[in-house]
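Taken in sequence, the protein lines are chains Z and Y. Residue numbers for the first sequence follow my numbering, beginning at 1 and rising by one. Residue numbers for the second sequence follow my numbering, beginning at 270 and rising by one. Glycine residues also receive a C-beta, built at the ideal position from the N, C-alpha and C atoms. Since this is a predicted model, take the numbers as computed values, not measurements. Structure, as structure tokens:
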Amino acid sequence: MSLKKQDEMDHNAWLKRQDLTVIETAFLTTLIWLDKRLRIVDYLELLETMYYRANLQMPKSHTEQYDLDNKFWYWYPLYSLGSLSIVAYLVAAVSGALLGFYYSPSTAGMAAQGDPTAAYDSVVEIMQDVQFGFMLRSIHRWSAQFMVAAVFLHMLRVYFTGSYKEPREVNWILGIVLIGLTLLFGFSGYVLPWKQLSFWAAQIGVEMALATPLVGEWVAQLLFGGFTLGQATLVRMYILHVFVLPFVVTALIALHVGIVWVQGIAEPH
Amino acid sequence: MTDDNHATTDSPGDAERALTDGGTDEEARTDGGPPATVPPDDETPTWSERKEHTQGLSQLTYQYFERSRREDEDLRAESTYVERDVLGFPTWPHETIRNLAISSFFIGVMLLVSALLPPHFGAPANPGSTPAIILPDWYLYWSFGLLHLDPINPELAVLGGDKVMSDELYGLVTHGVIFGFIGLVPFLNKGSARRPVEEPLWAAIGVSGVIFSVTIGILAIQNLVPIELDLLLNLVFLLPVLGAIVTYAVLKTMREGYMYDLNRRYYMLRPPK
Numbered sequence: 001m002s003l004k005k006q007d008e009m010d011h012n013a014w015l016k017r018q019d020l021t022v023i024e025t026a027f028l029t030t031l032i033w034l035d036k037r038l039r040i041v042d043y044l045e046l047l048e049t050m051y052y053r054a055n056l057q058m059p060k061s062h063t064e065q066y067d068l069d070n071k072f073w074y075w076y077p078l079y080s081l082g083s084l085s086i087v088a089y090l091v092a093a094v095s096g097a098l099l100g101f102y103y104s105p106s107t108a109g110m111a112a113q114g115d116p117t118a119a120y121d122s123v124v125e126i127m128q129d130v131q132f133g134f135m136l137r138s139i140h141r142w143s144a145q146f147m148v149a150a151v152f153l154h155m156l157r158v159y160f161t162g163s164y165k166e167p168r169e170v171n172w173i174l175g176i177v178l179i180g181l182t183l184l185f186g187f188s189g190y191v192l193p194w195k196q197l198s199f200w201a202a203q204i205g206v207e208m209a210l211a212t213p214l215v216g217e218w219v220a221q222l223l224f225g226g227f228t229l230g231q232a233t234l235v236r237m238y239i240l241h242v243f244v245l246p247f248v249v250t251a252l253i254a255l256h257v258g259i260v261w262v263q264g265i266a267e268p269h
Numbered sequence: 270m271t272d273d274n275h276a277t278t279d280s281p282g283d284a285e286r287a288l289t290d291g292g293t294d295e296e297a298r299t300d301g302g303p304p305a306t307v308p309p310d311d312e313t314p315t316w317s318e319r320k321e322h323t324q325g326l327s328q329l330t331y332q333y334f335e336r337s338r339r340e341d342e343d344l345r346a347e348s349t350y351v352e353r354d355v356l357g358f359p360t361w362p363h364e365t366i367r368n369l370a371i372s373s374f375f376i377g378v379m380l381l382v383s384a385l386l387p388p389h390f391g392a393p394a395n396p397g398s399t400p401a402i403i404l405p406d407w408y409l410y411w412s413f414g415l416l417h418l419d420p421i422n423p424e425l426a427v428l429g430g431d432k433v434m435s436d437e438l439y440g441l442v443t444h445g446v447i448f449g450f451i452g453l454v455p456f457l458n459k460g461s462a463r464r465p466v467e468e469p470l471w472a473a474i475g476v477s478g479v480i481f482s483v484t485i486g487i488l489a490i491q492n493l494v495p496i497e498l499d500l501l502l503n504l505v506f507l508l509p510v511l512g513a514i515v516t517y518a519v520l521k522t523m524r525e526g527y528m529y530d531l532n533r534r535y536y537m538l539r540p541p542k
């Protein structure tokens, strides 16, 4: 027996004692290396819990439990509108990120009135030169339309089935905020190509902002970067569309769904 | 560490200020000055101290939580509900596959539509020439229509026929009124009723709202609609009311029908003597 201090947790010796294949050795070595630095053991336990959670059963819904499917099946599409708007939001996010590689938010190049700007040209380039670009823009636009439509119909479903009632007021109001933000999303995206209709839609936006008492001019400065439309407007709409709104809307959607999770779905009866 | 503390308290003449861990703040004295403030770890309240929450809002919060917990326990004790095994479908594969199927169907529809109906792309922006038709996307027609309500912006005779607010502000205020009303709905309508049949009035209000969102959108494109403005404005407000009346009548009738069926079944099961 040697006097040398023995390392109880000599993982490498333990590795050698085992008769392992190359793949197993490589896996374990990486795992041990990472675990010594990051203590992933703790997180692995969390993962294990998640694994068992995933094997749990979802409780049967009211209609499933009382075998009412034959009565209510035609209501179900209405009950999937909320998740449909999330799916459309995700598709819009992916296609929008791809469009962002080619789009440039700039009004440069407008020598005379009515000349195409850099922003307009970049959208034309996406549609004509970029491989798959036309389809990409089409997908982005249509997924936005689908999202707005699904959100509106979702609100109608919630209204007509009385799902907004007593314990769920907060989520109803949160939903109103989300509808407003969705519309703002659509509006800011509508301005970005800087075509004729975008410009005049933004013009109406500025006029509305300026008509507001007390805070009007401040709002116009903040959202549109001034009282006349130009480069500042375009950049602000761009930042709103690709940076501010995505974070805010994603967080609020998570909260919205989280509250549904906690409170339970208001089911038909 | 605690040993050190006790060693210092042994010496006589100490400022006997007992701390939560049994020491004093003697050793925290600075050169020449008054006793320094107690180190933060000594200030940390013990668990029992924390639990007491003896003052202010934290006390009220604590008291309320205690009450609600007791209420919960009482309700649970009274309840006859027996917890059974969860009746349900497994998350994997049943629920997951169903959700994947729904999602991919929906994504497929979106891709199909975007392949079949490519978006239009208009002329570049020209600040110099106002187009004949200014329109936002369809989902903002209702909002744009509200901005076209200036013919009914009231004029006050007191102000010599002047309008109280500008037409633009009037349009904004209508937005506020609509959003405000929608936000108030859950505070006005309570109770356990779920189906439209159970509450014909609220269903009628909803239907009139839906119709109004369409008619006000038509007002937004008034220069494309071959109807005179006066008539159009009347229609914008009359059609929703008409829709509400029809909905109310239909739902009331349906309710009578439901009640009739229920009563008939009841009396078939328990015939009157």
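is_contact[residue i, chain Z] using C-beta, thresh 8 Å
i: Phe448 (chain Y); result: yes
i: Glu437 (chain Y); result: yes
i: Gly512 (chain Y); result: no
i: Tyr333 (chain Y); result: no
i: Asn492 (chain Y); result: no
i: Tyr410 (chain Y); result: no
i: Ile403 (chain Y); result: yes
i: Asn422 (chain Y); result: no
i: Gly452 (chain Y); result: yes
i: Val515 (chain Y); result: no
i: Tyr343 (chain Y); result: Strictly speaking, residue 343 (chain Y) in this sequence is Asp, with Tyr absent from that position. For Asp343 (chain Y), the answer is no, since every Cβ of chain Z falls outside 8 Å of its Cβ.
Any C-beta of chain Y under 8 Å from that of residue i
i: Lys165 (chain Z); result: yes
i: Phe185 (chain Z); result: no
i: Tyr79 (chain Z); result: no
i: Leu197 (chain Z); result: yes
i: Trp75 (chain Z); result: no
i: Tyr238 (chain Z); result: no
i: Gln128 (chain Z); result: no
Rounded C-alpha distance that separates residue i from residue j
i: Trp218 (chain Z); j: Gln231 (chain Z); result: 18 Å
i: Gly272 (chain Z); j: Asn532 (chain Y); result: The displayed coordinates of chain Z run from 1 to 269. Any statement about residue 272 (chain Z) would go beyond what the structure contains.
i: Tyr102 (chain Z); j: Phe185 (chain Z); result: 20 Å
i: Pro359 (chain Y); j: Leu404 (chain Y); result: 49 Å
i: Gly180 (chain Z); j: His444 (chain Y); result: 11 Å
i: Arg336 (chain Y); j: Arg345 (chain Y); result: 14 Å
i: Glu48 (chain Z); j: Arg37 (chain Z); result: 20 Å
i: Ile204 (chain Z); j: Phe160 (chain Z); result: 33 Å
i: Leu68 (chain Z); j: Gly478 (chain Y); result: 31 Å
i: Thr30 (chain Z); j: Trp407 (chain Y); result: 55 Å
i: Ala462 (chain Y); j: Ala266 (chain Z); result: 11 Å
i: Ala401 (chain Y); j: Leu511 (chain Y); result: 33 Å
i: Val130 (chain Z); j: Met155 (chain Z); result: 38 Å
i: Gly377 (chain Y); j: His363 (chain Y); result: 21 Å
i: Leu616 (chain Y); j: Val433 (chain Y); result: Residue 616 (chain Y) falls outside the range modelled here, since chain Y spans only 270 to 542, and no answer is possible.
i: Ile366 (chain Y); j: Ser80 (chain Z); result: 15 Å
i: Ser138 (chain Z); j: Ser383 (chain Y); result: 5 Å
i: Ala518 (chain Y); j: Val466 (chain Y); result: 11 Å
Nearest residue (CA-CA) to residue i, options the options
i: Ile485 (chain Y); options: Y:Pro388, Y:Asp341, Y:Thr315, Y:His417; result: Y:His417
i: Val235 (chain Z); options: Z:Leu192, Z:Val206, Z:Ala26, Z:Val249; result: Z:Leu192
i: Tyr89 (chain Z); options: Z:Leu245, Z:Trp14, Z:Leu31; result: Z:Leu245
i: Leu488 (chain Y); options: Y:Ser327, Y:Leu438, Y:Asp419; result: Y:Asp419
i: Val454 (chain Y); options: Z:Arg168, Z:Ala201, Z:Phe199; result: Z:Arg168
i: Leu415 (chain Y); options: Y:Leu500, Y:Glu525, Y:Ile490, Y:Gly377; result: Y:Ile490
i: Ala108 (chain Z); options: Y:Ala394, Y:Gln332, Y:Val466; result: Y:Ala394
i: Arg141 (chain Z); options: Z:Trp200, Z:Ala92, Z:Asn70; result: Z:Ala92
i: Ser143 (chain Z); options: Y:Ala370, Y:Asp343, Y:Pro387; result: Y:Pro387
Local conformation of residue i per DSSP, three classes
i: Pro193 (chain Z); result: coil
i: Lys16 (chain Z); result: helix
i: Asp279 (chain Y); result: Because Asp279 (chain Y) sits at a pLDDT of 44, beneath the cut-off of 50, its placement in the model cannot be relied upon, and the following sentence gives the value as read from the coordinates. Residue state, collapsed to three classes: helix.
i: Lys271 (chain Z); result: Summary: the structure shown does not reach residue 271 (chain Z), with chain Z confined to residues 1 through 269, and so no result is reported for it.
i: Pro423 (chain Y); result: coil
i: Pro359 (chain Y); result: strand
i: Lys521 (chain Y); result: helix
i: Pro77 (chain Z); result: helix
i: Pro540 (chain Y); result: coil
i: Lys432 (chain Y); result: strand
i: Met270 (chain Y); result: Any reading at Met270 (chain Y) must be qualified, since the residue scores a pLDDT of 40, below 50, and its modelled position is unreliable; no value is offered.
i: Pro393 (chain Y); result: strand
i: Ile496 (chain Y); result: coil
i: Pro465 (chain Y); result: helix
i: Tyr103 (chain Z); result: coil
i: Gly230 (chain Z); result: coil
What are the residues in the region 367-385 of chain Y lying within 7 Å of chain Z by C-beta distance? Ile371, Ser372, Phe375, Ile376, Met379, Leu380, Val382, Ser383, Ala384
| said: What are the residues in the region 150-175 of chain Z lying within 8 Å of chain Y by C-beta distance? | reply: Phe152, Leu156, Tyr159, Phe160, Thr161, Gly162, Ser163, Tyr164, Lys165, Glu166, Arg168, Glu169, Trp172, Ile173
Near-chain Z residues of the region 459-471 of chain Y (beta-carbon distance less than 9 Å), N- to C-terminal order: Lys459, Gly460, Ser461, Ala462, Arg463, Arg464, Pro465, Glu467, Glu468, Trp471
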